[in-house]
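To keep things clear, I will list the structure first and then write my remarks on it.
In the UniProt record's numbering, the protein residues as written are 1 to 555.
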């Protein structure tokens, strides 16, 4: 009978433990974190400044790329899906410049800002791993003596008996665990995970900015090389003009005034050439820093800028929300803020901490590890602390209001970032569209100024016009040529800016290529720094499809 009662008591104890565990599991499943939803943004169906011929050109290419490609090429609206982690490929190869390709590789391998961004990603991953550790119990071990005096009441003795004093040796393993009630731990993990994803998106943003900065600096350097070549030819022309003026002055055909004017024009051209050389040196130093090199160890041979004739398809505004890493970073910030709202809400609910210890204790060191010296502390009373918040002066309410306000702030910043992205794309599309017309007219201006300068020199040699007409003609030639050089450089930079505004390239394209096949896998040009970030990370966002194939045609 006694054996039956003992078994009944034991089963009843296990039943209570199982019921307690089931209750804890149910409470852990009751997360108070709000369900995240991407906020609505006003997304146009197509870009305003997109060329009208882009749609017909894409349709005439005859490339079958599926429904997603049709949506992007024909301007059909489609929902945006996160794709900020998709490989962008070596987009700068569309320019067909081996020197630019080499510079991009050097920058990806040695740029310090990119390495710092990669280190920030590793930091965020470590923080996420630390947050995940709260899902598991924690163990520690201890060994040593304690000197203690037990009271008479704890020994069930009368007060007159007095307490007992002694040394207790203990060797114990302690365990502690916080139950994930109301999503307290899960919300913290979700927030850390979103912070990690934000760091990864910011790394891609730094990487894209670096690639674009290298390309822009390269084209600006080549534009200055073109200016130097123009001034070099202008100086040579004015030296020949000065010789002609000196000969006519010696023959008595002209006065000293024309000779002084000719010398002034030559000296001014030489001074302007030195100014361009100064600008080129500064640009070369900036490029060296982007490559992670000291300026003293880097030099670049002079080479005039070749016209850039690359056409980049703008795609859809909804696709822009998929590709831009800064927009992805802003959305990850919203996700983290949403998770921290749940974390602030969980502070209003009970918190359960479970602790326990198991080991040996003895009055003497020699008997410490005997089986009879074993001891433990664990149970619903001794090792469990269920705390219920009652009053804290409004701290929890204030923390919740702060978390909600931070989420509202991130929503506003996300929408603002989307608007800025649309503006940047529209600006560069307008630049490229209008630059074509401007460059065409400027080329006509260069031809007209050269013809006028030739006529003025011929008539001056014959004595039909004054030397002021020659000066004015030569100045107009130089001014129109410099303006044409500036427009060529602006067009190259605007092309790079458009690719940056669209979130990067779409894969590897040969110099004379016209399209990127959807079946091909774009190569990752992030270099050794990005390779360190290849480790998989847990993400809360759904897996996004790689953007559909895009056509990049050379003019």
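In this text, a Cβ means the ideal position worked out from N, Cα and C, and glycines have one as well.
Only a predicted model underlies this, so the values are computations on that prediction, with no experimental measurement involved.
Only counting the same chain, and skipping five residues up and downstream in sequence, which positions put a Cβ closer than 7 Å to that of residue i?
{"i": "residue 103", "result": "214, 218, 291"}
{"i": "residue 395", "result": "none"}
{"i": "residue 201", "result": "84, 325, 328, 329, 332"}
{"i": "residue 368", "result": "169, 171, 360, 362"}
{"i": "residue 100", "result": "92, 215, 218"}
{"i": "residue 270", "result": "235"}
{"i": "residue 34", "result": "338, 341, 342"}
{"i": "residue 222", "result": "303, 304, 305"}
{"i": "residue 426", "result": "47, 48, 49"}
Out of the options, point me to the one whose CA is closest to residue i's CA.
{"i": "residue 109", "options": "210, 437, 127", "result": "210"}
{"i": "residue 48", "options": "239, 314, 232, 241", "result": "314"}
{"i": "residue 475", "options": "446, 494, 128", "result": "446"}
{"i": "residue 45", "options": "443, 364, 329, 316", "result": "316"}
{"i": "residue 503", "options": "205, 442, 285", "result": "205"}
{"i": "residue 342", "options": "327, 299, 437, 403", "result": "403"}
{"i": "residue 400", "options": "412, 89, 345", "result": "345"}
{"i": "residue 36", "options": "354, 489, 410, 238", "result": "410"}
{"i": "residue 438", "options": "352, 222, 480", "result": "480"}
{"i": "residue 272", "options": "490, 235, 440", "result": "235"}
{"i": "residue 556", "options": "146, 172, 113", "result": "For residue 556 there is no data in the structure shown, the boundaries of the chain being 1 and 555."}
{"i": "residue 487", "options": "91, 435, 420, 208", "result": "435"}
{"i": "residue 499", "options": "94, 278, 32", "result": "94"}
{"i": "residue 39", "options": "280, 319, 430, 418", "result": "418"}
{"i": "residue 114", "options": "137, 179, 208, 180", "result": "208"}
{"i": "residue 260", "options": "468, 493, 42, 41", "result": "468"}
{"i": "residue 123", "options": "203, 112, 433, 111", "result": "203"}
{"i": "residue 358", "options": "366, 377, 247, 370", "result": "377"}
{"i": "residue 179", "options": "158, 134, 150", "result": "134"}
{"i": "residue 424", "options": "288, 454, 392, 496", "result": "496"}
{"i": "residue 32", "options": "471, 176, 338", "result": "338"}
{"i": "residue 248", "options": "472, 491, 462, 489", "result": "462"}
{"i": "residue 107", "options": "120, 90, 96", "result": "90"}
{"i": "residue 145", "options": "364, 393, 257, 397", "result": "364"}
For residue i, name the three-state secondary structure that DSSP assigns.
{"i": "residue 503", "result": "coil"}
{"i": "residue 38", "result": "coil"}
{"i": "residue 230", "result": "helix"}
{"i": "residue 311", "result": "strand"}
{"i": "residue 376", "result": "strand"}
{"i": "residue 455", "result": "helix"}
{"i": "residue 385", "result": "strand"}
{"i": "residue 341", "result": "helix"}
{"i": "residue 115", "result": "helix"}
{"i": "residue 130", "result": "helix"}
{"i": "residue 561", "result": "Outside the displayed span of the chain (1 to 555) sits residue 561, for which this structure offers no information."}
{"i": "residue 370", "result": "coil"}
{"i": "residue 347", "result": "coil"}
{"i": "residue 422", "result": "helix"}
{"i": "residue 270", "result": "helix"}
{"i": "residue 257", "result": "helix"}
{"i": "residue 324", "result": "coil"}
{"i": "residue 303", "result": "coil"}
{"i": "residue 72", "result": "Confidence at residue 72 is low in this model, with a pLDDT of 41, below 50, so the placement of that residue is unreliable and no value is reported for it."}
{"i": "residue 392", "result": "coil"}
{"i": "residue 465", "result": "coil"}
For residue i, which beta-bridge partners are listed by DSSP?
{"i": "residue 169", "result": "145, 362"}
{"i": "residue 429", "result": "DSSP, once it has assigned bridges, lists no residue as partnering residue 429."}
{"i": "residue 176", "result": "138, 355"}
To which residues of the same chain is residue i closer than 6 Å at the C-beta, ignoring the five residues directly before and after it?
{"i": "residue 336", "result": "191, 194, 195"}
{"i": "residue 450", "result": "477"}
{"i": "residue 131", "result": "188, 189, 192"}
{"i": "residue 141", "result": "173"}
{"i": "residue 388", "result": "350"}
Just to check my reading of the structure: residue i and residue j have Cβ atoms closer than 8 Å, yes? What is that Cβ distance to the nearest angstrom?
{"i": "residue 227", "j": "residue 303", "result": "Going by Cβ atoms, the distance from residue 227 to residue 303 rounds to 13 Å, so no, they are not a contact pair."}
{"i": "residue 139", "j": "residue 166", "result": "Residue 139 to residue 166, Cβ: 28 Å. No contact."}
{"i": "residue 340", "j": "residue 360", "result": "Wrong, their Cβ atoms sit about 44 Å apart, outside the cutoff."}
{"i": "residue 484", "j": "residue 428", "result": "Wrong, their Cβ atoms sit about 20 Å apart, outside the cutoff."}
{"i": "residue 320", "j": "residue 421", "result": "6 Å"}
{"i": "residue 237", "j": "residue 262", "result": "Not a contact, Cβ separation roughly 11 Å."}
{"i": "residue 220", "j": "residue 283", "result": "6 Å"}
{"i": "residue 491", "j": "residue 308", "result": "6 Å"}
{"i": "residue 605", "j": "residue 41", "result": "The structure shown has nothing for residue 605, since the chain only spans 1 to 555."}
Apart from the five residues just before and just after residue i, which ones in its own chain have a Cβ nearer than 8 Å to its Cβ?
{"i": "residue 482", "result": "227, 230"}
{"i": "residue 465", "result": "456, 459"}
{"i": "residue 297", "result": "288"}
{"i": "residue 276", "result": "224, 227, 228, 231"}
{"i": "residue 111", "result": "210, 290, 291, 292, 529"}
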